[in-house]
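Whatever position you read off the first sequence (first residue = 1), add 76 for our numbering. Everything below concerns the one structure shown next.
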Amino acid sequence: MPTERYNAAEAEARWQKVWDERGIFATPNQNLGKKYYVLEMFPYPSGRIHMGHVRNYTMGDVVARVKRARGFSVLHPMGWDAFGMPAENAAMERKVHPKEWTYANIAAMKTQLKSMGLSLDWAREIATCDPAYYKHQQKMFLDFWRAGLVERKKSKVNWDPVDNTVLANEQVIDGRGWRSGAVVEQRELTQWFFAITKFAQPLLEALDGLERWPEKVRLMQKNWIGRSEGLLVRFALDPQTTPNGESELEIFTTRSDTLFGARFMALSPDHPLAQAAAQKNPALAAFIAECKRHGTAQEIIDKAEKLGFDTGIKAVHPFDPNWTLPVYVANFILMDYGTGAIFGCPAHDQRDLDFVNKYNLGNTPVVCPPGQDPKTFRITDTAYDGDGRMINSRFLDGMNPAEAREDVARRLEKENDGNRPRAERQVNYRLRDWGISRQRYWGCPIPVIHCDKCGVVPVPEKDLPVTLPEDVSFDRPGNPLDHHPTWKHVACPQCGNKNARRETDTMDTFVDSSWYFERFTDPWIKTAPTERPMVDGWMPVDQYIGGIEHAILHLLYSRFFTRAMKETGHVGLDEPFAGLFTQGMVVHETFRRQNGEWVAPAEVKIETNGDARRATLIATGEAIEIGPIEKMSKSKRNTVDPDDIIGEYGADVARWFMLSDSPPERDVEWTERGVQGAARFVQRLWRLVGEAGDIGRGAPAARPAQFSPAAIAVRKAAHKALAAVGDDVEKLHFNVCVAHIYEFANSLSAAIGDIDSGDIAPDLRWAMREAAEILVQLFAPMMPHLAEECWAALGQSTGRDTLVAQSPWPNVERELLIEDTITLPVQINGKKRAEVTVPRDASNAEIEAAVLALDTVQKALDGKKPKKVIIVPKRIVNVVA
RNA sequence: GCGGACGUGGCGAAAUGGUAGACGCAAGGGACUUAAAAUCCCUUGGCCGUAAGGCUGUGUGGGUUCGAGUCCCACCGUCCGCACCA
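Now the structure itself:
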């Protein structure tokens with residue numbers, strides 16, 4: 077057995093080559109048998125991997141390697157989310173073509189990922205910017221369109237007047253464009269939408285079935301979809317007061333029980349009735365213009381006063397023809413929720429109360445809280461939105477609000493306003509349709525042609541893909557596709573009109589990432605997005621792993637997309653991800669110079685003196701302030717480059733440390749001390765396996781029939797660790813797996829230390845070899861290179877020539893987990909006072925007798941009989957004195 | 001404002017309602033060494049005690065239970081998500 081230090085750099089490259097040459101991680105699309113699909117969220121090719129990637133892909137790799145060892149056909153692919161803004165920014169800043177920049181980044185990052193030793197099937201690699209990929213996306217766009225899942229409609233968008241582009245809500249910071257800093261305008265543009273709202277209800281309902289998703293993510297999606305049940309009520313208007321004789325106003329409410337507390341009606345500034353009234357009322361027009369000037373940025377909304385303008389229109393209370401309500405236009409009513417109009421019940425809605433208090437409209441409480449006297453209950457500054465009894469509400473008085481809502485709904489449903497009921501029960505969702513149009517170059521072209529005669533015409537399938545032109549210029553602001561001299565000018569595929577134009581908008585990059593996991597199941601098929609037997613065989617993804625930041629957007633879009641693909645025949649399932657795991661971030665201390673400048677960890681030297689730590693700048697010796705621990709980011713310069721770590725310590729050390737310190741869903745702090753601890757353990761394992769292997773070398777080939785107590789002890793430790801790691805890895809408790817492996821290594825070291833090296837019995841030699849092999853197999857998913865090296869060294873003595881990456885997961889011998897005697901803690905009145913050791917199969921009566929015989933118990937009982945003796949089998953005994 | 005999660009040694013953390021602190025890091029002591037590195041051994045929640053041992057201890061206060069870090073209620077603190085949604 078070798079005794080020199082394990083040389084990670086040399087060994088890792090060597091084993092990666094072996095895996096590669098033997099192609100052991102390629103998963104053929106045949107005889108799937110027991111399948112397991114493990115996937116990490118694919119990266120954006122920014123140019124370099126970061127520690128977050130290392131953590132994410134290590135977790136996925138552990139799962140993939142364990143499942144492979146357990147006999148599953150494992151699909152574990154990797155690809156590139158390759159479209160997006162940064163490539164265009166690079167083009168503008170560095171005069172490099174987005175495609176060139178993107179593919180150079182992919183090449184660089186692929187080299188980095190390979191150095192991590194991930195068990196990926198690179199034969200399935202895809203890049204979303206490849207026409208061979210986005211061709212199918214365009215095909216599905218057209219399929220969705222035919223299926224009524226794509227709409228083209230006008231909508232308000234965030235428009236950056238400097239960059240000349242639409243911005244997503246996330247790209248608007250304090251009302252300004254994140255890049256240009258320009259004040260963002262609200263513009264009405266005709267955009268392409270995916271009709272995700274058509275699936276609002278199924279997307280909501282299916283959340284309950286996603287049992288292997290974090291509760292947090294399910295809840296976030298539930299809130300995002302935002303279902304609320306209420307009543308659509310048609311208020312009659314006094315036509316004398318409306319601009320064009322309008323006689324009805326529809327509102328949506330969830331509080332129909334408070335109708336008798338109504339004091340006013342309010343319209344969104346964008347409401348048609350408000351717009352019509354403004355035509356005839358310049359002051360109102362001015363008010364509406366003022367409302368629109370205010371952005372939708374959060375800060376503005378928080379501070380904005382509730383403002384209204386009385387239109388002079390009068391609405392009639394649905395239960396009293398003689399009761400009229402003033403109709404206001406108000407700045408806090410959203411046009412795109414409900415009907416864009418409300419009735420205001422100030423006593424039970426804080427926002428409405430603020431409004432009436434400003435305009436002196438008064439309020440009537442209609443729900444009396446429990447314990448309050450209805451005669452004296454008043455509302456002044458704080459609305460009451462709790463439960464209680466109805467008051468001041470005629471026929472509703474005495475009911476609780478839920479009963480009142482039901483009563484109101486029943487009455488108004490029956491009442492008829494000509495041919496329609498006065499009210500209808502309605503469900504509203506907060507979820508909006510997904511606007512996918514982007515005025516950008518580096519994205520998937522929307523396969524549509526605009527013809528003056530035929531309107532909007534789909535690109536015929538034979539003409540797909542619509543590819544991006546490569547000769548584009550980024551010198552002018554705006555969309556290069558629009559500026560291109562020839563690209564957009566085409567003939568209409570329907571009528572032949574020579575003056576038709578291509579759609580120059582491209583798709584949101586979230587579309588690209590909404591189905592890549594389905595493409596991975598057969599990335600070779602050229603004629604369709606998916607090959608049904610394959611996609612149906614592999615899907616769903618059994619374990620998806622990624623950051624919590626995708627809890628809503630990516631994961632909701634993907635759920636929608638899979639449903640849309642099912643409707644158009646591309647897949648056979650609704651939910652793409654059976655199991656989801658959201659991993660925590662990698663965080664690091666921050667360092668600052670006296671002048672406030674951030675300093676990178678590599679530039680800082682840290683000295684410790686007892687518990688005190690002192691940092692200095694290596695270059696100058698200047699004292700450095702050690703700041704808070706924060707997410708690794710370029711701006712704070714607290715990043716650690718995976719290449720540097722892999723170069724210095726090896727990939728196994730990086731992988732082990734990423735798994736060892738914190739539970740995977742929590743943030744993990746990257747520390748030099750921690751990395752060194754992992755590096756020490758790598759060498760320790762190398763020595764330990766060597767020592768155990770030496771002892772095991774003389775072992776008989778066949779399993780001995782009998783084992784000595786020493787051999788049994790070794791075997792028990794091995795099989796206990798095997799069982800524990802096996803369980804915890806299924807639960808993704810990698811940090812606990814790491815602890816079990818440490819524990820096993822410690823006990824194996826101790827066992828070796830106890831052996832008298834003179835004459836070692838064959839059964840002990842056999843047990844040692846078994847233990848060493850189990851140890852290697854346990855850490856192999858986490859430190860695959862070291863494991864291969866150890867496995868090969870152990871194999872020398874038996875002539876075995878296999879890869880640990882291809883060896884089956886060992887079977888746990890359950891009988892080794894059972895002890896002959898068990899030691900039970902003994903409590904007296906719930907406090908632990910003693911221990912008692914009894915045979916495993918002792919009866920409760922025997923245990924009780926043994927416990928009552930204990931000195932401690934005798935003393936505590938002081939001659940009296942215990943009130944009760946509780947015996948929890950194999951757990952604990954509690955004597956109640 | 002609404003919703004959710006979390007709170008355990010000096011630190012990262014374990015713990016199906018059943019012996020709190022496994023495992024790692026850091027720290028202290030020791031062995032080996034001319035010395036250092038590397039490695040190995042011991043100690044390490046707090047308080048009292050020479051010791052045996054005792055008391056105390058999972059943010060705070062209550063409760064359920066034979067038994068609570070774990071379940072329930074209230075409060076304090078931290079973090080996250082959503083937010084003019086009718």
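Glycine included, every Cβ here is placed at the ideal spot set by N, Cα and C.
### Query
By the 10 Å Cβ neighbour count, where 16 or more other Cβ atoms means buried, how is serine 736 classified, buried or exposed?
buried
### Message
Tell me which residues share the same chain as glutamine 1025 and place their Cβ nearer than 6 Å to its Cβ, disregarding the 5 neighbours each side in the sequence.
### Response
Not covered by the structure: residue 1025. The range shown for the chain is 77 to 957.
### For asparagine 492, the nearest candidate out of Glu261, Pro860, Val309, Phe855 (CA to CA)
Val309
### Nearest-angstrom Cα separation, counted from alanine 848 out to alanine 768
6 Å
### Task
Could you tell me which of Val716, Phe419, Leu540 sits nearest to phenylalanine 667, measuring between CA atoms?
Val716
### Message
For the ligand MN, is there any heavy atom lying closer than 7 Å to the beta carbon of leucine 349?
### Response
This structure lacks the ligand MN; in fact it carries no ligand of any kind.
### Task
Could you spell out the range, first to last residue, of the alpha helix (DSSP H) harbouring asparagine 920?
920-928
### Query
Do you know offhand how far lysine 796's Cα is from asparagine 181's?
45 Å
### Task
Consult DSSP for arginine 508 and reduce its assignment to one of helix, strand or coil.
coil
#### Entry: Closest Cα partner of isoleucine 702 within the set Ile721, Pro677, Asp719, Glu724
Pro677
### Query
Tell me which same chain residues have a C-beta within less than 8 Å of the C-beta of methionine 708, skipping the five on either side of it?
His126, Met127, Gly128, Met661, Val662, Val663, His664, Asn714, Thr715, Val716, Trp746
### Option in Glu643, Arg639, Gln659 with minimal Cα separation from aspartate 650
Arg639
### Query
In chain order, which alpha helix (DSSP H) runs of at least 4 residues are fully inside the region 726-779?
727-736, 748-772
### Query
What is the C-beta distance between phenylalanine 963 and alanine 167, in whole angstroms, given that I count them as a contact (C-beta under 8 Å)?
With the chain represented from 77 up to 957, any question about residue 963 goes unanswered, as that position is not in the structure.
### Query
Can you give, in chain order, each stretch of the beta strand (DSSP E) that sits fully within the region 666-730 and has at least 3 residues?
680-685, 688-693, 699-707
### Task
Classify asparagine 398 as helix, strand or coil using the three-state DSSP reduction.
strand
### Query
In whole angstroms, what is the alpha-carbon distance linking methionine 466 and alanine 499?
21 Å
### Message
By the DSSP assignment, the beta strand (DSSP E) with serine 833 in it spans what residues?
### Response
Here serine 833 belongs to no beta strand (DSSP E), and DSSP marks it neither H nor E.
### Task
Identify which residue in Glu305, Lys710, Leu108, Val675 has its Cα closest to the Cα of glutamate 698.
Val675
### Query
Between cysteine 571 and the rest of its own chain, which residues show a CB-CB distance below 8 Å, the 5 nearest in sequence each way excluded?
Cys527, Lys529, Cys530
### Task
Check whether the Cβ atoms of arginine 481 and glycine 420 lie closer than 8 Å to each other.
no
### Task
Using a threshold of 8 Å, state whether the C-beta atoms of isoleucine 624 and tryptophan 300 are closer than that.
no
### Query
Three-state secondary structure (DSSP) at arginine 916?
coil
### Query
To which residues of the same chain is alanine 604 closer than 8 Å at the C-beta, ignoring the five residues directly before and after it?
His212, Lys215, His646
#### Entry: Helix, strand or coil at alanine 373 [DSSP, three-state]
Per-residue confidence for alanine 373 stands at a pLDDT of 45, beneath the threshold of 50, marking its modelled position as unreliable; the derived number appears in the next sentence. DSSP places alanine 373 in coil when its eight states are reduced to three.
### Buried or exposed by the 16-neighbour rule on C-beta atoms within 10 Å, applied to serine 919
exposed
### Task
Would you check if the distance between the CB atom of arginine 200 and the CB atom of proline 599 is smaller than 8 Å?
yes
### Message
Contact defined as beta carbons within less than 8 Å: I believe isoleucine 898 pairs with valine 914. What is the distance between those atoms, to the nearest angstrom?
### Response
6 Å
### Query
Where does glycine 99 land, buried or exposed, given buried means 16+ other C-beta within 10 angstroms?
exposed
### Message
Short of 7 Å in beta carbon distance, which residues of its chain neighbour tryptophan 221, apart from the five on each side in sequence? Order them along the chain.
### Response
Pro534
### Query
Distance, Cα to Cα, valine 945 vs aspartate 931?
16 Å
### Query
Taking C-beta to C-beta, are arginine 124 and methionine 192 nearer than 8 Å?
no
### Query
Hey, how far is the Cα of glutamate 429 from the Cα of valine 812?
It is leucine, not glutamate, that sits at residue 429 in the sequence shown. Those two C-alpha atoms are separated by around 54 Å.
### Query
Start and end of the alpha helix (DSSP H) containing arginine 263?
First-last for arginine 263: 261-270, but that is the beta strand (DSSP E), not the alpha helix (DSSP H).
### Task
Any chance you could list the alpha helix (DSSP H) runs of at least 4 consecutive residues sitting entirely within the region 517-593, in chain order?
556-559, 585-588
### Query
Taking the beta strand (DSSP E) that leucine 383 falls in, what are its first and last residues?
Neither: leucine 383 is in no beta strand (DSSP E) and is coded neither H nor E.
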